[in-house]
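Presented below is the structure to which this report refers.
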Amino acid sequence: MTQFPQPAGRTALKLVVAGGFGVGKTTAIGAISDIKPLRTEEVLTAHSAATDSLDGVEAKTTTTVAFDFGRVGWDDPEHLELYLFGTPGQPRFWNLWHDLSAGAFGAVVLADTRRLESSYPAADFFEQLGLPFVIAVNRFPGAAPRTLPEIREAFDVGDNIPVIFCDARNPHSVAGVLLTLIRHALALATDDSALLDAR
1 MTQFPQPAGR TALKLVVAGG FGVGKTTAIG AISDIKPLRT EEVLTAHSAA TDSLDGVEAK
61 TTTTVAFDFG RVGWDDPEHL ELYLFGTPGQ PRFWNLWHDL SAGAFGAVVL ADTRRLESSY
121 PAADFFEQLG LPFVIAVNRF PGAAPRTLPE IREAFDVGDN IPVIFCDARN PHSVAGVLLT
181 LIRHALALAT DDSALLDAR
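Heads up, the sequence shown is in the numbering used here, so the first residue is 1 and it goes up one at a time.
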């Protein structure tokens, strides 16, 4: 498990932010990070156009090629230091997901209603890994409205997986997503502990 220094009076947690290409992972981490985020953004080139589909994100000019990193400290409602790792979205970088997820407490699968299918692999990955995750649907201007039940059905996940709307540009909205993830992961850990105690 990845070890992080424990800030005085705070519990350190590693969280992963994943999802399809251009769904807002870099934006979400940048919106909430207390530090200037570490970004590995590169300019999209004509050469990469043959590899990376820009369907639905034609205006995007950069891409994450390794990971994003941000840090946020909370003292209310809990004393937490969150280390946020954003994964690259393109299939050619998916091999990095295992390393970025090592030692993580949980994950956010960020999605865009215009291209939900681009985030299916992330949800499948965390489900197979056994890592607690939530699905956060980033509301893009002009996107066709979808209901949470429709999104849940599209991802084919049960009621035990939280599915929520968010605005990746808004720090309070991103904080709400992270709190939902932490509470979900803690509830799963409590359930697992109760099962072990019952054996």
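For every residue, glycine included, the Cβ atom is placed at its ideal position computed from N, Cα and C.
request  = List the DSSP bridge partners of Tyr83.
outcome  = Lys14 and Arg71
inquiry  = Classify Asn138: buried if its beta carbon has 16 or more other beta carbons within 10 angstroms, exposed otherwise.
reply    = buried
query = With 16 as the cutoff for other CB atoms within 10 Å, does Ala111 come out buried or exposed?
reply = buried
key: Cα-Cα separation, Lys60 to Ala185   = The predicted position of Lys60 is uncertain, since its pLDDT is 49 and thus under 50; no value can be drawn from it.
ask   = Leaving out the 5 sequence neighbours to the left and right, which residues in its chain are closer than 7 Å to Phe105 when beta-carbon positions are compared?
value = Leu13, Lys14, Leu15 and Ala185
ask   = Which one or two residues does DSSP pair with Gly106 in a beta bridge?
value = Leu15
request  = Tell me whether Phe140 counts as near the ligand FAD, meaning its Cβ is closer than 7 Å to at least one heavy atom of that ligand.
outcome  = Of ligands this structure carries none, so the ligand FAD is not represented either.
query = Does the Cβ of Ile35 have 16 or more other Cβ atoms within 10 Å, making it buried, or fewer, making it exposed?
reply = exposed
query = In or out: Arg183 buried (at least 16 other Cβ within 10 Å) or exposed?
reply = exposed
request  = Consult DSSP for Leu240 and reduce its assignment to one of helix, strand or coil.
outcome  = Nothing can be reported for residue 240: it is not among the residues displayed for the chain, which extend from 1 to 199.
query = DSSP state of Asp159, grouped into three classes?
reply = coil
task = Provide the residue span of the beta strand (DSSP E) that contains Phe133, from first to last.
result = Phe133 to Asn138
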